[in-house]
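First comes the structure, then the notes that go with it.
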DNA sequence: CCCCCCCC
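Residue numbers (the UniProt record's numbering): 1 to 609.
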């Protein structure tokens, strides 16, 4: 059994100087345990592995790009793992293994041998997790020798091997340390090189505070293991701003790694890079580093993205607003420009550009733009806004962009787009539709006791008018305040306004029975809603009923049997000491067959047949 | 060492 495992691999990985890597040793180990680490908000799950060579075991972190090995059960407890790519990293004087490439194989039913912890200092190191600085100082006496030796990692042999394994260096300048995965960077070592793509580059920002004036810029670097934010101040701006181009790949070395202030950035890394005087950045021709990944949200689905979250949107710029000027809370003026985006979901949304981006924005025709990391707001239901960390890529070379282009050119200019609206925006809303997420059948309205709670509740239902009460459908109202007025000798008196009017304005209180396949219910349509059901004002209908009862009946008859989407409110009240629920129609819209068809398709898709 | 992300 034990011969399946690589003898002494664990202690070699943990202790060898210089550290070994996969060009020297590709060990097969047994997995003793797999633990999911509580993921921070907006970061991926991480797995911690305990791996054994039969004699010793050690802890390792699995690179997130290998999560699928765990999630598909390829890696299991007692199973075997062969490490094909890995890095070690000294943290608090302990060497931490990060697995970057591995293959899995089934293992025996039980643990092989009686391995012991390769790290005999584990017990005393389990304290003080909260404060990395204090922890570092506390660990210093023991850590010092190992940190020292970790710096020596830049030994030519290790470097050459590591570089060869990762595709080689473009040549030129003297490298400053072994090639590290971004995931392996930490403040506890300073000799490293990363090979990374610039996923985003900010504008140059000028600032002035108590300490004086300055300028800075940020970039986000990414490689196959993760991303990290880097900042350059002042001279670093002069040295590197032009060198670093969005989308290109570089070797970066001799920069500082600090603890990131997570609250200021949505880049998924506990650390960040600070460019320094001696920082070296060289372009790299190797394109094997991953491209920026997008996770596009169809505009239609923005309703379900929480306010203040960021997301990626791929859209056509349908309209470009004028450049405007606003004054921010801090009193400073800002340029802004609103543009209107549309996509194949046939929804549109407003996006706001700020500052230089707003001033410089040009759009010829209807460009397709990929927006990365835009902020979702709730103005007008849903809106988008650029952050300084957001990026905008014209006509990106991704499949979705090509199909969007094709679709828009073929039919996108003729589509009437749904727009978000703020009225009652509680999840989703459309100008031409009624909140689709609250569609209920009449059966559901009753089963779920909609309206039985203390506060008013809202729902929409698609139903057919089965009966309209035509005896009393309106009341004489005050033209000023809509309150009921009473006829007197010389006109109509409003108590509230203390005024007499020559004639009242009739307003609807139309009671109707509506039904669907699950039941029927009585609902009340007030003035505007009833007007849209009957196509006449209450005044017109009162007059018609007196003058031509046949025409009046015809109006009622025509409406009966028609189907609408009723946007309703439900509220309890008591009537003759009896509790009942009153359903009021806030709005009645004819069925939007396009939306209806789409909703039905969605329902069919959700069915598990 | 920034860290604001604005308005209607």
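A virtual CB, placed ideally from N, CA and C, is assigned to each residue, including glycine. Every value quoted in this text rests on a predicted model; they were computed, and no experiment measured them.
Considering only C-alpha positions, which residue in the set the options is nearest to residue i?
| i | options | result |
| --- | --- | --- |
| residue 87 | 61, 552, 28 and 547 | 61 |
| residue 238 | 276, 249 and 251 | 276 |
| residue 318 | 244, 388 and 368 | 368 |
| residue 213 | 228, 195, 376 and 234 | 234 |
| residue 256 | 337, 286 and 190 | 190 |
| residue 260 | 372, 312, 242 and 229 | 229 |
| residue 328 | 393, 354, 555 and 63 | 354 |
| residue 120 | 493, 442, 14 and 596 | 14 |
| residue 473 | 544, 452 and 323 | 544 |
| residue 376 | 300, 362, 551 and 263 | 300 |
| residue 45 | 63, 263, 456 and 201 | 63 |
| residue 540 | 520, 518 and 506 | 506 |
| residue 449 | 492, 331 and 579 | 579 |
| residue 588 | 562, 330 and 606 | 562 |
| residue 291 | 396, 518, 453 and 197 | 197 |
Based on DSSP bridge pairs, tell me the residues matched to residue i.
| i | result |
| --- | --- |
| residue 282 | 251 |
| residue 16 | Residue 16 pairs with nothing; no bridge assigned. |
| residue 467 | 513 |
| residue 311 | 374 |
| residue 523 | 512 |
| residue 573 | 580 |
| residue 488 | 491 |
| residue 223 | 226 |
| residue 214 | 207 |
| residue 233 | 216 |
| residue 325 | 335 |
| residue 660 | Since the first residue of the chain shown is 1 and the last is 609, residue 660 is not available in this structure. |
| residue 585 | 525 and 568 |
| residue 101 | 85 |
For a quick check, are the C-beta atoms of residue i and residue j less than 8 Å apart?
| i | j | result |
| --- | --- | --- |
| residue 415 | residue 346 | yes |
| residue 34 | residue 75 | yes |
| residue 527 | residue 538 | yes |
| residue 184 | residue 89 | yes |
| residue 12 | residue 25 | yes |
| residue 240 | residue 281 | yes |
| residue 348 | residue 419 | yes |
| residue 104 | residue 69 | yes |
| residue 508 | residue 485 | no |
| residue 27 | residue 83 | yes |
| residue 101 | residue 85 | yes |
| residue 10 | residue 99 | no |
| residue 504 | residue 547 | no |
| residue 47 | residue 31 | no |
| residue 404 | residue 344 | yes |
| residue 294 | residue 398 | yes |
| residue 111 | residue 78 | yes |
| residue 570 | residue 451 | yes |
| residue 203 | residue 446 | no |
For residue i, which residues of its own chain have a beta-carbon under 6 Å away from its beta-carbon, when the five flanking residues on both sides are left out?
| i | result |
| --- | --- |
| residue 480 | 497 |
| residue 462 | 565 |
| residue 604 | none |
| residue 585 | 523, 525, 529, 566 and 568 |
| residue 351 | 339, 341 and 384 |
| residue 243 | 281 |
| residue 434 | Because residue 434 sits at a pLDDT of 35, beneath the cut-off of 50, its placement in the model cannot be relied upon, and the point is left open. |
| residue 556 | 468 and 470 |
| residue 439 | 460 |
| residue 279 | 254 and 255 |
| residue 265 | 229 |
What whole-angstrom Cβ distance do residue i and residue j have, given they're in contact under 8 Å?
| i | j | result |
| --- | --- | --- |
| residue 573 | residue 582 | 6 Å |
| residue 342 | residue 315 | 6 Å |
| residue 115 | residue 205 | No, residue 115 and residue 205 are not in contact; Cβ-Cβ is about 53 Å, not under 8 Å. |
| residue 513 | residue 522 | 5 Å |
| residue 370 | residue 409 | 18 Å between Cβ atoms; not a contact. |
| residue 246 | residue 65 | Not confirmed; about 23 Å, so no contact. |
| residue 515 | residue 601 | Not really, about 25 Å apart at Cβ, beyond 8 Å. |
| residue 323 | residue 335 | 6 Å |
Take residue i and list the residues in its own chain whose beta-carbon comes closer than 7 Å to its own, dropping the five residues that flank it on each side.
| i | result |
| --- | --- |
| residue 227 | 182, 199, 220, 221, 267, 268 and 269 |
| residue 559 | 465, 468, 533 and 534 |
| residue 321 | 337, 338 and 339 |
| residue 284 | 170, 195, 249, 250 and 251 |
| residue 390 | 371, 372, 373 and 374 |
| residue 20 | 12 and 13 |
Counting only the same chain and skipping the five closest in sequence on each side, list residues whose C-beta sits under 8 Å from that of residue i.
| i | result |
| --- | --- |
| residue 208 | 214 |
| residue 387 | 310, 373, 374 and 375 |
| residue 333 | 325, 326 and 327 |
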